[in-house]
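To start, the structure itself, in C-alpha cells.
In the numbering used here, the protein residues as written are 1150 to 1771.
Written as C-alpha cells, this is what we have:
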C-alpha cells in the first residue's frame, strides 16, 4: 500500500524510537586492557594510513616527540607510498595531524630517518623515485612493479620542530660500489633503502645505506651495507654546502662472513666510548652479523656472526630488523627475535621473514680488548608479544627520558609506542652482577629429595571462566609459574624422574631427563597437554646444575635457563623456546609433589620469573 511522505516519515521516527528504547545497536564496549605490559595491544597508536612503517622518533628542541613514518593508503610498496611526520607533547599518548614530508606518490618516497642538528634543525633522509620508474628488472629476467627501493637518496629539513618541511628536497651523492655497477642496469639505476638511525659521533653524522645488487627471490636478492658521512651537517646552515663522503673505502660494503649468503642489510650503528663504531645487521644465514670500525667507518673488521661474547655462542636471528642502542647509563640494548641458526638455514622450508613475534631484548656492556672496546651481551628477555603468532612486529626505535624508556614498533598496518617496564630493564642492566635469590612469588622451597612427596603448591591458572561476560566465556589471566632446581644426575640414562605432580586424569606436571643430556617438561589439565624439551648436551652426569623451567602464561611460552644461559635451540633446533596452547587451563595435578633422587633443591614460584631472575638464582648458588 502506498503511503504519503509525512506518514512514512512518522512511521520511521516511531520505529527508530522503539529500537532505541529496546537497546538496538548498543555501543561496543571499550576494549579491556590486557593484564601484561608486554602485550602489543597495550601500546599507544601512532597515526598513519593503511600501511605504516619505520615509526622513528627524535626529541625536538621544544620538548615534543617528532615521529617520522613511511605510509600509504594501500599495501607496502604501493604507488601512494610517501613520508609523513607527527608530533606528540605527551610522550606518545596522542599525536598531531600528520604533515607530509612528501605528498602521496607516485613518485614514491620511502624509508625515512631523522637527524637533529645544532640549533634544533631536523633533517629527514629518505629514498625518492624521482625519475618515476614504474617497473624494475629481476635478475631472473622477470620484473617487479614495486618501485619503492630505488632512485635517489634525498633530504628535506625543518626549522620549526617538524611542523613543516622545506619545499625543496636535496640529493645526497652516493659513490658507486661494485654491487651497483654489476646490477642488471650496470649502475645507471641503483637500488637501495635505509632503516638505520643516523649516528652523531666525533662531530660528524653518519647515515647507513643498504645497497641492493639484484632484485629477485625474497625481493632483495643481494645486498650490502654502506654509510654516508658528513663532517659539517651539524653546523652548516646552507644545505648546498653540506659535504658527503661514502664509506667504507674501496668498492665493497659490509657483507656476510665468508661462506655466508648474499643478504647483508639493515645495518644498525652505534658508537663506543673509545670512538669505535659497532654495526649489526641481518642476513638469511640464521644469525645476525656484526663488525667494528676503529677509524670512523673508513675500514671495518672482517664481518662475524654476532656473538654474546668474543669467541662465544652466536646469536640467532631471522631476516628482520635487529637494532642496537646506546643508553645514557653507558650500557646497550639489543632488539632481536632469538631463533634461527644453522639448522634453520639448512631447512629448505624456512621462511627467514617469519616469526617476528615475540621480540626479545638483551643488555650489553663494554669490555676491553687488544683492538679496542668490544660489546659483551647478557641473556635476553621477552619485550613484546602478540597472541597471534603470525603477527610480525619490527622496525623499532628507542626513546629515553631520564629513567624511563619507550620503544616504537610496527606490524606494517599500525605503529605503536610502548613504555618498557622498569623492572625488566633494571634486571637486564644488573644481570651481570645480580646474585640475590628471588623470593617474590615463592610457593615452595624444598631442600633434598622427597620421593614420598610433599604437599603440592597450588599453581596459578592460565585461563578461567569470566562471569562478567554474558556468555560466561574464558578470561585469559596471563599468569605463569617457574620450577627452579639444583640437580645432580648420577647418569644421563633418560627417563629419570625429577619432579611429578600428576593426579587423576593425568592432570599435573612432570619433569624428567631425556635423550642426549636434555630435560623434558610436560603439563596437562586433563584436556590439553604441552611438552617441551631443553637443548641437548647441557647436562653432565655427576655435575651439579641449575635449571629454571619458566612457564610464561602471557605469550604462552616455555623456556629453560640452564646454568645461567637461556636455551636457544643450539645446533639441533631453530627454537630454544616453545609455545603451549592458549586453551590449556592450568597445570595443577594431585595433592602431592614428588621429587627424584637427582634433585638437590627445588623452588616453585607462582609466577613466571624473568630470565634475569633465573640468572640471579643460578649465581646465588644452592
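Beta carbons: idealized from backbone N, C-alpha and C, even for Gly.
Given the structure is predicted, the values throughout are model-derived calculations rather than measurements.
With DSSP collapsed to three states, give me the class of residue 1731. coil
Could you work out which residue in 1642, 1567 and 1370 is closest to residue 1291 when comparing CA atoms only? Distances from the CA of residue 1291 to each of 1642, 1567 and 1370 were compared; the closest alpha carbon is that of 1370.
Classification of residue 1231 by the beta-carbon crowding that lies within 10 angstroms, buried from 16 upward: buried
Over the uninterrupted beta strand (DSSP E) stretch that includes residue 1760, give me the two end residues. From DSSP, residue 1760 is part of no beta strand (DSSP E) but of the alpha helix (DSSP H) over 1760-1769.
Starting from the N-terminal side, write out each stretch of the beta strand (DSSP E) that is 3 residues or longer and does not extend beyond the segment 1258-1325. 1258-1265, 1271-1277 and 1301-1307
In chain order, what residues of the same chain have a beta carbon less than 7 angstroms from the beta carbon of residue 1762, not counting five sequence neighbours either side? 1576 and 1587
Can you tell me whether residue 1662 is helix, strand or coil according to DSSP? strand
On the three-pair Cβ rule with 8 angstroms, is the segment 1391-1410 touching the segment 1430-1450? yes
Would you call the segment 1334-1346 in contact with the segment 1380-1391, where contact means no fewer than 3 C-beta pairs closer than 8 angstroms? no
Close Cβ partners of residue 1480 (< 8 angstroms) along its chain, the five nearest in sequence each way excluded: 1512, 1513, 1514 and 1578
Residues sharing a beta bridge with residue 1364, DSSP: 1369
Going by DSSP in three states, residue 1647 sits in which element: helix, strand or coil? Here residue 1647 sits in strand by DSSP.
Would you kindly work out how many angstroms separate the C-alpha atoms of residue 1653 and residue 1668, rounded to a whole number? 24 angstroms
Can you check DSSP and say which residues form a bridge with residue 1354? In DSSP, residue 1354 forms a bridge with 1349 and 1379.
Would you mind stating whether residue 1705 and residue 1729 have Cβ atoms separated by less than 7 angstroms? yes
Thinking C-alpha only, which one of 1675, 1564 and 1201 is nearest residue 1193? For residue 1193, the nearest C-alpha among the options comes from 1564.
Check whether the segment 1635-1655 touches the segment 1706-1714, counting contact only when three or more Cβ pairs, one atom from each stretch, lie closer than 8 angstroms. no
In this structure, how does DSSP classify residue 1669 when only helix, strand and coil are distinguished? strand
If I'm right that residue 1403 touches residue 1374 with Cβ under 8 angstroms, what's the distance once you round it to whole angstroms? 4 angstroms
Assuming residue 1213 contacts residue 1187 under a Cβ cut-off of 8 angstroms, what Cβ separation, rounded to an integer in Å, is found between them? Contact doesn't hold; Cβ gap of about 27 angstroms is too wide.
Quick check: the Cα distance between residue 1246 and residue 1191, rounded to an integer number of angstroms? 22 angstroms
Beta-carbon proximity list for residue 1723, same chain, < 6 angstroms, skipping 5 on both sides: Taking C-beta separations shorter than 6 angstroms and ignoring five residues to either side along the sequence, the partners of residue 1723 in its chain run 1488, 1492 and 1493, following chain order.
Residue 1529, DSSP secondary structure in three states: Coil at residue 1529, not helix or strand.
Shortest alpha-carbon distance to residue 1269 belongs to which of 1243, 1301 and 1310? Nearest option by C-alpha distance: 1310.
Take residue 1484 as the anchor and find which of 1585, 1665, 1215 and 1526 has the nearest alpha-carbon. Looking only at 1585, 1665, 1215 and 1526, the smallest Cα-Cα distance to residue 1484 is reached by 1526.
Please confirm if the segment 1498-1513 is in contact with the segment 1688-1702, defined as three or more CB-CB distances below 8 angstroms between the two stretches. no
What residues in its chain sit with their C-beta under 7 angstroms from that of residue 1462, if we drop five residues either side in the sequence? 1456
From 1440, 1443 and 1499, pick the residue whose C-alpha is nearest to that of residue 1786; which is it? Residue 1786 falls outside the range modelled here, since the chain spans only 1150 to 1771, and no answer is possible.
Is it the case that the segment 1319-1332 contacts the segment 1353-1373, given that we only count it when at least three CB pairs across the two stretches are under 8 angstroms? yes
If you check the beta carbons only, do residue 1542 and residue 1568 fall under 7 angstroms apart? no
Classify residue 1621: buried if its beta carbon has 16 or more other beta carbons within 10 angstroms, exposed otherwise. exposed
Counting only runs that start and end within the segment 1480-1558, where is the beta strand (DSSP E) found for 3 or more residues in a row? 1481-1485, 1508-1518, 1521-1526, 1530-1533 and 1543-1550
Cα-Cα, which of 1274, 1450 and 1203 is closest to residue 1264? 1274
Whole-angstrom distance between residue 1359 and residue 1205, CA atom to CA atom: 17 angstroms
Taking 6 angstroms as the limit between beta carbons, can you name the residues of its chain near residue 1702, skipping five residues before and five after? 1611, 1627, 1628 and 1629
Return helix, strand or coil for residue 1571, following the three-state DSSP convention. helix
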